[in-house]
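Novice:
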Amino acid sequence: MKRFLRDNSLGLVFGALFLIVLIAQAFAGHADFNQQQLTEGLPPVSFARYVTSASFGADVLENWQSEYLQFFLYIFLTVWLLQKGSPESKELDKAGLESEREQKIGAFADAGSPKWARVRGLRLWLFSNSLGLVMGLIFVLSWLGQSIAGVASFNEQQLGDLQDPVSWPKYLTEPDFWNRTLQNWQSELLAVASMAILAIYLRQRGSSQSKPVGSAHTSTGVEG
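This is the structure:
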């Protein structure tokens, strides 16, 4: 058990932190929602009612979709785009898909290579792009979920204000939807750019996300 915890500590800790923060968000959101209800002269709702509401779903999913958009773009763009001096970039002479030898594909697969790295055709293409494709799929599904929960939440407000509800296609043109979406996209893109550039000059000893402390600022694609 100790070895399992050590070997999987990064994923386990982030998974636990995710659950803690999600639960904390639910309690804080519930309190904030009920404050608004009381301000508007409406009765408060139960915790169970709130966490199954469109309002909570939209708040959660709008963050998820922006995170997975970040991963999707970063995975595919780092195939071709480089950043001199950054450990987040590949080495400057390795832009592109790289050779089969470098990628351990087909005849160059070794004893530990996954089965689909040894095959050809569609299976190899799918496996070769599986990380980006799955991240992109999760982005699309969470964006779709956000839009569906968002239109339900938006229409609740419309009805509360004695205004007509809108359809899902109409909601996709509403400022409310794009305000929710774009405020998350810009923050994620800024975070990625900051990490790629700051890691050129700054270090974190022992971290796989940093260059070794003594590496030159111009060293590219080198991790600690």
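Per our numbering, residue 39 is the first one in the sequence shown, and the count goes up by one each step. All residues carry an ideal CB built from backbone N, CA and C; glycine is no exception. No experiment lies behind these values; they were computed from the predicted model shown.
1. In chain order, which continuous runs of the alpha helix (DSSP H) of length 4 or greater are located wholly inside the segment 187-212?
2. Name the two residues that bound the continuous alpha helix (DSSP H) containing Ala96.
3. Under the rule that 16 or more other beta-carbon atoms within 10 Å means buried, what is Glu100, buried or exposed?
4. So what's Asp70 in DSSP terms, helix, strand or just coil?
5. Can at least three beta-carbon pairs, one atom from the segment 133-140 and one from the segment 105-123, be found at a separation below 8 Å?
6. Pick out whichever of Gly244, Gly252, His255, Thr256 has its Cα sitting closest to the Cα of Gly262.
7. Quick check on Thr219: does DSSP put it in helix, strand or coil?
8. Candidates Glu78, Ser124, Val98: which alpha carbon is nearest Leu57's?
9. Excluding five sequence neighbours on each side, which residues of the same chain lie with their C-beta closer than 7 Å to the C-beta of Ala187?
10. Which residue marks the beginning of the alpha helix (DSSP H) containing Phe85, and which one marks its end?
11. How far does the alpha helix (DSSP H) with Asp45 in it extend, from its first residue to its last?
12. Using three-state DSSP, classify Leu227 as helix, strand or coil.
Specialist: Taking the structure as given:
1. For the segment 187-212, whole alpha helix (DSSP H) runs of length 4 or above, ordered along the chain, are 206-209.
2. Locating residue 96 in the sequence shown gives position 58, counting from the first residue. Here the alpha helix (DSSP H) through Ala96 covers 92-118.
3. Along the sequence shown, one-based indexing puts residue 100 at 62. Around the beta-carbon of Glu100, 16 or more other beta-carbon atoms lie within 10 Å, marking it buried.
4. For the purposes of this step, residue 70 is identified with residue 32 of the sequence shown, where counting begins at 1. The answer is helix: DSSP assigns Asp70 an H, G or I state.
5. Because the criterion of three Cβ pairs below 8 Å is met, the segment 133-140 and the segment 105-123 touch.
6. On the sequence shown, position 224 is the one that residue 262 refers to. Looking at the Cα atoms, Gly244 is the closest of the given residues.
7. On the sequence shown, position 181 is the one that residue 219 refers to. Correct three-state label for Thr219: helix.
8. Start at 1 with the first residue of the sequence shown, and residue 57 comes out as number 19. If we check each option's Cα against that of Leu57, Val98 comes out closest.
9. By one-based count along the sequence shown, residue 187 stands at place 149. Its chain contains Ala92, Gly95, Ala96, Leu99 as the residues whose beta carbon lies nearer than 7 Å to that of Ala187, once the 5 sequence neighbours on both sides are disregarded; these appear in chain order.
10. Within the sequence shown, residue 85 is the residue found at index 47, counting from 1. Start and end: 85-89.
11. What you label residue 45 is simply residue 7 of the sequence shown in a count that begins at 1. Taken as a continuous stretch (DSSP letters only), the alpha helix (DSSP H) holding Asp45 covers 40-45.
12. Taking the first residue of the sequence shown as position 1, residue 227 is located at position 189. It is helical.
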